[in-house]
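Residues -29 to -1, 1 to 273 in mature numbering (1 follows the signal peptide of the UniProt record, and there is no 0) are what the sequence shown lists, from first letter to last. Before any comments, here is the structure.
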Amino acid sequence: MTPLTWNPLSVMMVVSIAALVLLPMACLSQTLTTTEASVAASSTAPSLPSQMATGEALLIDQDPPGDSIGNLIASDDGMYVFIIEPDCNAAVVKVDNNVTLWTMVPPGSMAGSRPCQVRLNASALVMTDRDGNPIWTSKSFAQGPAPYSLKMQNDGNLVLYAGDNKALWQTDTYGRPAVLAQNETLGANAWLWSPSRQYKFIMQDDCNAVLYKAGVGKALWSTNDGGKKDMAPCSFSLDMNGTLAVQGKPLPVTMKEATVWSNIARAGSQGTYTLELQDDGNLVEYGGANRTVIFATNTKQP
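Given below as structure tokens:
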């Protein structure tokens, strides 16, 4: 069967869903932008592959198609795609706002490399340039039993699985909220994403809670508690009084969780509080109907 080809270029997004459903399969070999390819991957469109098997590849240039399955795989619900783009980069893209959650290489760094491909070779995902030279690899060779598969999941995470369903590699892009509500807790290695996925606030397993600019690994703010690993595992919480706290494992005598860091001096009485990771890079706690600022990291980016 001829693979579906979703080369990102130029078809209008205003094609009606009804018309799209009624089109014969042969008419679907068209050129789409990344956004349009993502929209076409929705559940209303003809089914796209959600995973790659060993030996299969994503290609831009389809002459000949060979063992290519097209230039993208989509989550079953159509909300996320893993796509190889015209500049030979490969990215995980969120469909509804066309936000890139993860890229294989820095944008533009593969310019002039066409034809390029991303292939699942045994237990590793590999990107190669026009001459077949490896540019990027998941470094998961010889791990776990066959068969191997690369899955674009409904939670936004791209995962390479072994035959025993063990995850060998992943992009760590699974969906996370941007808001921590009252009485909610971030456990070790749990995080908040800003709506645009440009910023991440994570409760690290070393008891340090850190705000990062995604993609570059730049720390914008932290609770500076990385030297208290003996108190791990730690959690980050927002209580009914608006207090933010990093708490470590229970103390031997009292069996109460040890407070590693807190904003208790800024907290108030019981009310409605939320901690929100904003698209400007600022992590802010709001309180009350007027959304009074209780706490902020003051990390707003230009």
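The beta carbon of each residue, even a glycine, is placed where N, CA and C say it ideally should be.
With a Cβ-Cβ cutoff of 7 Å, do residue 151 and residue 209 count as a contact?
Yes, the pair counts as a contact, with Cβ atoms nearer than the cut-off.
Which residues in the same chain have their Cβ closer than 6 Å to the Cβ of residue 71, if we skip the five residues on either side of it in sequence?
62, 64
Can you look up residue 200 in the DSSP assignment and give me helix, strand or coil?
helix
By Cβ distance below 7 Å, which residues in the same chain neighbour residue 251 in space, the five residues on each side in sequence not counted?
271, 272
Between the C-alpha atoms of residue 30 and residue 76, what's the straight-line distance to the nearest angstrom?
Looking at the backbone, the Cα of residue 30 and that of residue 76 are separated by about 16 Å.
What residue range is occupied by the uninterrupted beta strand (DSSP E) comprising residue 207?
Counting along the chain, the beta strand (DSSP E) containing residue 207 begins and ends at 206 to 209.
Closer than 8 Å is the cut-off here; do at least three beta carbon pairs connect the stretch 203 to 220 with the stretch 112 to 123?
no
Which word fits residue 196, buried or exposed, when buried means at least 16 other C-beta atoms lie within 10 angstroms of its C-beta?
buried
Which residue comes first and which comes last in the beta strand (DSSP E) that contains residue 248?
244 to 248
Exposed or buried, which one is residue 112 when buried takes at least 16 other CB atoms within 10 Å?
exposed
Other residues of its chain near residue 246: CB distance less than 6 Å, five sequence neighbours each side excluded:
151, 209, 256
Span of the beta strand (DSSP E), counted from its first residue to its last, around residue 233
Per DSSP, residue 233 belongs to the beta strand (DSSP E) from 228 to 233.
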